[in-house]
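Below you'll find the structure, written out as structure tokens, and then a few comments.
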Amino acid sequence: MAGASVKVAVRVRPFNSREIGKESKCIIQMSGNTTTIINPKQAKDNKSFNFDYSYWSHTSPEDINFASQLQVYKDIGEEMLLHAFEGYNVCIFAYGQTGAGKSYTMMGKQDVKDQQGIIPLLCEDLFTKFNDNADNSMSYSVEVSYMEIYCERVRDLLNPKNKGNLRVREHPLMGPYVEDLSKLAVTAYNDIQDLMDSGNKARTVAATNMNETSSRSHAVFNIIFTQKRYDAETDNTSEKVSKISLVDLAGSERADSTGAKGTRLKEGANINKSLTTLGKVISALAEVDSGPNKNKKKKKVESFIPYRDSVLTWLLRENLGGNSRTAMVAALSPADINYDETLSTLRYADRAKQIRCNAVINEDPNNRLVRELKEEVSRLKDLLFSQGLGDIIEMTNAMTGMSPSPSLSALSSRAGSIASLHDRIMFSPGSEEAIERLKETEKIIAELNETWEEKLRRTEAIRMEREALLAEMGVAMREDGGTVGVFSPKKTPHLVNLNEDPLMSECLLYYIKDGITRVGRVDASSRQDIVLSGHFIKDEHCTFTSSTGPMGETVVLEPCEGAETYVNGKLVTEPTVLKSGNRIILGKSHVFRFNHPVQARAERERTPCAETPAEPVDWAFAQRELLDKQGIDMKQEMEQRLQELEDQYRKEREEANNLLEQQRLDYESKLEALQKQVDSYYPEAPDEEEEPEEEVQWTERERELAVWSFRKWRCYQFTSLRDLLWGNAIFLKEANAISVELKKKVQFQFVLLTDTLYSPLPPDLLPAEGTKDNEKRHFPRTIVAVEVQDQKNGATHYWTLQKLRQRLDLMREMYDRAADVPNNTTEDSENVMTGGDPFYDRFPWFRLVGRAFVYLSNLLYPVPLVHRVAIVSEKGEVKGFLRVAVQAISADEEAPDYGSGVRQSGTAKISFEDQQYEKFQSESCSVGLSRTGISQEELRIVEGEGQNSELGPSADEVNNNTCAAGADELESPLKSLVGPLDTTLEHLKIGNVFTFRVTVLQASSISAEYADIFCQFNFIHRHDEAFSTEPLKNTGRGPPLGFYHVQNIAVEVTKSFVEYIKTQPIVFEVFGHYQKQPFIPLCKDVISPLRPCRRQFPRVMPLSKPVPATKLTAMTRPQAGPCHCKYDLMVFFEICELEATGDYIPAVVDHRGGMPCHGTFLLHQGLQRRITVTIVHESGGDMEWKDIRELVVGRLRNTPEADETIIDPNILSLNILSAGYVRPMQEDRTFYRFEAAWDSSMHNSLLLNRVTPYGEKSYMTLSAYLEMENCLQPAIITKDICMVFYSRDTKLSASRSIRNLFGTGSLRAADGNRVTGVYEVSLCNLAEAGSPGMQRRRRRVLDTSVAYVRGEENLAGWRPRSDSLILDHQWELEKLSLLQDVEKTKHYLLLREKLESTLLMGHESLQTCITEELSESPQPPEVDPEVSSSSKIITERQRELAAKCLRLLTHSFNREYSLVCVSASESKISEMSVTMLRDSASIPALNTITPSSTCPSLVDGCYGNAELRVPMPRSRAVSPSPNTEQDAEAKKSINGASETKLRTCKFVPDIQEIRVSPIVSKKGYLHFLEPQTNGWVKRYVVVRRPYVYIYNTERDAVERAILNLSSAQVEYSEDQQAMLKTPYTFAVCTEHRGILLQATNDKEMHDWLYAFNPLLAGTIRSKLSRRRAGQMRM
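As structure tokens, then:
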């Protein structure tokens, strides 16, 4: 049998409940002894393995291929038992992940007959063979030992005295063994069963007291089986000794790192170490057995087996690769979710199959071993005697008492020479080791010479000690000394433990003896009957008093002082009588159930029909009961504490009021005394004060303005919203951190919600005081909410901050509980649908896609209209479009037959009550200054726009044309076409029944992520009466969704109804079922194929903070107030090097990066240098440079990013050589230049003193501190410089750019050797110290977003949103308001077009008039007086609007617009402009393309009666009024006064570098009108919004000028082109000049307009298409 391989068997179990719940699929197939595993992700990827046995236990026993427990034992257990009787060592160990069935295979269920495992069947069969033996010459003896390996420590489970760590030793003859491991003799199978139960109970007790669990340790059960045969002939006895090792390994998947901390991390590391070492040993043994034997020397080096790396492999060395017959059972899980663990187990077993063990029969090992040991003892004694240490042998014998020495008296007489003996031992080499080996060997001899009777007596003594210790620890024994375990006594009251693990519950039993039973710690002053451990267990915790009275035996629990003791979840402090079934919690973690058998029996006899409780009384029940009762007690405690705080507050408030009243009286008396003194000094002062102050009389309009301003100021929410964001950021971070740690797919982020038409606030998000203040609030309410993104269910919810805090408390409780709950239970999502999980909310099936609004003004005339309105989400995103038809019908009109595809509803009757509508209007937020001038400023109150405007309307009101573009003005074209409105309202008389029809036609462009789409609509103030369509399937492709829903509505006409259809829309809400897209990565390229990739953008230089000044004293920055003005700066940076001629020449700059404002200076090593900085900006009275205070250079580095937190010791202040203004030829801009000497060796930096290695660059930061006129502190310009140093003699080309490589060389080299920087300078007024805004800004608000929360490191840099959220939300509100304006304007334009077509068909005279107007005839036709009067009204209205626009422009912007110079003569252009204004009545509205709504018109704003000339920096546009000269003089005087006033003002400067956008909107050539030569100049233009960069040519690498589109006005007018006789032109008006641009053709012009101003380009295209449609109708 020598050289046999390890027997390997695999067994697959059935699905467990968790795998059934997840609908797992079986991936294991078995055919004979072949096992195949299927990859669930790749069905064709199958792997097959061959083993000795493959057991199919996945199905039920009815299956013919089913492998039962008995079959497994017959194949493996009987064979191993036969080898044991033959004299071989035997080992069986089970391997597999936790829950794979290895414990079931090894142990099984002992109480079920057919389900016993290998171990009980083998032990029972062992003693059965003993009993069946009829040979009297044979005798058998069996010894057992039971140990566990936990965290690389060995513990004896059968001897309670061996509590500590046992040492693992290795003897040269016996091999590895455990020192002091108890071996107990057994005589029957019941003894083995009792010892196994005792060991398991000991493990359970140890797990309770030491925080260990059985699944985290390896268990080894050894059976030493001895056969003795007596030979009567030779009178000799021979022995065979077999060692049967049964090993239960820990779960294999525990070897993976789970990120646990503390004890669990240590456990995982040690289990990982044991199992990994076991795998290494198996692999090494397999390689040794399967490898070739050619190179034996090399094989000997490589065949090292790492047994000693782990205690487990060290003890199993003989079983794995030595003298043993070994079998391995690999337990497999059949589920596809455990594919990786199952495949690892199969590979593990496949490697173990290749191991070969050299087993030998152990014949007479005892005799041979005793002989060899005696020889070793004599050899060791001789070694000691040879070294002269024979007396040490006598001393050790006397101390151990093993063999008395004849020289014992001599030893006692030499007791004084112990020190000399110690010195001799220390001096003699190897003597300590020899003595230790001698002791060890003699101990083994004594153990081997122990007789069988002595072993039985020792076993009985240990059993008695174990029973006593187990009884003290709570494990009871039957009175007959039988099975160890927990049983229920029939009379004695007792305590039974309850544990979170059901397998460990009811394993401990503590008797309540008659009298007093004490409970406490082991280190108490007096002996405790029940010993517990834990942080909250007192030395003397409580007592149980059992007494017998007339009512029977009663047990009273009395807690000691300060001990936490709970009965049925309630804290007890006084003696409490216990009843059977009570739950007792001692401390925090010890949970027991009190059982009184006599009481329980009497209770059952008293109520024999009592039902079984619905919920079992287990650990979970006790914990829930504790939480419930403790919550009630905590509530009472909190109420009591709150009452105490209220009393204390009331007392302190009374004291404070009394003190305040006393101080007030004191101050009043002092004031009276001072007043008397003043009256005595100035007797006439009272007469002067008695004069009444003149009260300012306000007009009604001024009062409305004041009320409106006050309301807006009250609703200013920026600071309050920021306080809420900062104060609640820590709660948001903690919620996200808990969500990440618990693996909840939920993310939380702040969001601002404003009550607008497109995004009305739900009632549950309104604060409690919101409904009360709603009537007083005249502006939309903005609240801070929490956006909850449920990524698991694809839902989005909004929580209030109060709800977030409530849910956060529940999240913390879940987090605390999750530490002890297995992962599979936390991943279950059963509570998600029931609402028990605090992370999730119930989400509706349908989600709101967006809202749309359809206005009803066409019902006034009445004409039918078909609207195509945008479906807008709450974020301002257009989600699709909806086509709706609205028309008036007669009451008796029958609905036509639309066919089967149209859903027709009956006529709905709706009542419009004036009181209800007036209440709605009063509560509505859209209350403006007047009924006709509704300002959209009301929607943008979060930021508080327009706060810098002093007298007139704000710039946004002018730009958006919302100040005077009310409903009446939009209706003015309609009035001119149909006459007065009163004549058209005959069908809307008060009291009549008016019927109209709303038809929902189609929905289009809705994303495929919304499956089922339906629409519902209602009046804006009647949410209770809504009309809904049927849901339609949406695929996102194909034709639009056809609702074709017809709804007739009958209304009794009231004043409120007429007012409603004039101004208010019908609300359409589109809903859809949201579903996750299964192919999101695939759809990304389809949805946005033109989206640029960020990785293709050039690397952008970072914007550094200024380098600290060295000469200037540190000044505290004053608080900046409102911004006075802004300028755009273009700064040129040059580094000049000393040439051989003695001149400083600008160093070459490499512009190959392709980005503006970037470049690399190519410098020579060891040359003197100078830095030249030139500042270029538009000329203005506020921008005056006084001097350069300091130029500093620092932050030398070799990476673009700089660590600004480190103090730079190499900051160098440069010597300023010159500074002043320069005036280049043909330039009207301001140029300020300064130059400084730079000695780079002063930095003492290796980066500047050596040649830069290839591929590297050097960087530094330069900061210039400039002094400006009228500024309190210097302005700072900072730039990061990139450099490469070459050797001194290197020849560098003038331009290394690729686009200049094939150039003509027309550009001068010096012009390109510079780097440009674009900056924005803001001059702000000094904030007033006492202003409310200043006080608000000074208020210190704690920003909790920087506070640390537990688990923050898992958020990967996520931060709660703060001020940027408010700014982004302001933009969203502006976008919503613009969308609302667009829809309203589209409706009026559509209605006007419909009325025109109707009048053209029905009225001949009006048709003639419009035809003449469209043909632009210079002679007006003869029309009716009524029509001519209406056209006259239009003319007057146009004049008023023109004058008003000019007045607003000149006042609101306070700018001096330069006029566009043309080549025509001044008188001719002046005459043309006057003619244009005079003949403006002949310009029809349909034929005129008005300028952009975001800028003033060049025609209307600049070509009034103003004199056209060459543009100067200080020219001003004049209003076209008769008294032009007088107004100009008056304004001039006012401007002069204001300029002198500005001279005395002090500003706070702020200069910010502008980061260049990597996205190019358009680039190409444009022609510029040159003011000096009146000719066109060709320039290369690149649009990178919001800036336009202008170059001389395409090959030019340096920016020559910039335009800021955010502050410029883009204008286009066909009349302007006709007047100038220059096609394809448009104008750009900045604050300081007007620029006329010309494109090459019409398409290029529109492309440039779209790049400059997309909104203007869209307006132009819309009007052009409308004009073409009108011409086609004509």
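Residues 82 to 1755 in our numbering are what the sequence shown lists, from first letter to last.
Beta carbons are placed, not taken as given, at the ideal position from N, Cα and C, and that holds for glycine.
None of the values given here were measured: they were computed from a predicted structure.
Distance check for residue j and residue i, CA to CA, integer angstroms please.
i	j	result
residue 150	residue 228	25 Å
residue 1715	residue 1738	19 Å
residue 154	residue 1435	50 Å
residue 1500	residue 1467	Reliability fails at residue 1500, whose pLDDT of 36 lies under 50, so the model's placement of it is uncertain and the value that follows must be treated cautiously. Their backbone Cα atoms lie some 32 Å apart in a straight line.
residue 833	residue 1424	18 Å
residue 767	residue 782	At residue 767 the pLDDT is 44, less than 50, meaning the model places this residue with poor confidence and gives no usable figure here.
residue 268	residue 632	48 Å
residue 77	residue 889	Here the chain comprises residues numbered 82 to 1755, so residue 77 is not present and cannot be evaluated.
residue 752	residue 735	25 Å
residue 1076	residue 877	40 Å
residue 96	residue 683	44 Å
residue 389	residue 276	30 Å
residue 1226	residue 1310	25 Å
residue 1326	residue 1336	19 Å
Here's the rule: buried if 16 or more other CB atoms are within 10 angstroms of the residue's CB, otherwise exposed. What is residue i?
i	result
residue 162	buried
residue 303	buried
residue 1256	buried
residue 603	exposed
residue 791	exposed
residue 1104	exposed
residue 1464	buried
residue 1454	buried
residue 1428	exposed
residue 1690	buried
residue 680	buried
residue 1302	exposed
Just to confirm the assignment, what range does the alpha helix (DSSP H) spanning residue i have?
i	result
residue 429	420 to 433
residue 1139	1136 to 1144
residue 683	678 to 687
residue 783	781 to 795
residue 1742	1735 to 1754
Would you mind stating whether residue i and residue j have Cβ atoms separated by less than 9 Å?
i	j	result
residue 256	residue 403	yes
residue 1204	residue 1406	yes
residue 329	residue 299	yes
residue 641	residue 655	no
Three or more C-beta pairs under 8 Å: does that hold for the stretch 186 to 195 against the stretch 457 to 471?
Under the Cβ criterion (8 Å, minimum of three pairs), the stretch 186 to 195 does not count as touching the stretch 457 to 471.
Please confirm if the stretch 1658 to 1667 is in contact with the stretch 1423 to 1432, defined as three or more CB-CB distances below 8 Å between the two stretches.
In this structure the stretch 1658 to 1667 does not lie against the stretch 1423 to 1432, because fewer than three pairs of beta carbons, one per stretch, are closer than 8 Å.
With a cut-off of 8 Å, do at least 3 Cβ pairs link the stretch 276 to 285 to the stretch 319 to 333?
Contact between the stretch 276 to 285 and the stretch 319 to 333 is absent: fewer than three C-beta pairs spanning the two stretches fall below 8 Å.
Evaluate contact between the stretch 922 to 932 and the stretch 802 to 815, counting only Cβ atoms and requiring at least three cross-stretch pairs below 8 Å.
No, because fewer than three Cβ pairs between the stretch 922 to 932 and the stretch 802 to 815 fall closer than 8 Å, the two stretches do not touch.
Should the stretch 1110 to 1130 be called in touch with the stretch 1067 to 1086, which here means at least 3 C-beta pairs below 8 Å?
In this structure the stretch 1110 to 1130 touches the stretch 1067 to 1086; the number of beta carbon pairs closer than 8 Å is three or more.
Is the stretch 404 to 416 in contact with the stretch 172 to 184, if contact means three or more CB pairs nearer than 8 Å?
Flag = yes, the stretch 404 to 416 and the stretch 172 to 184 touch.
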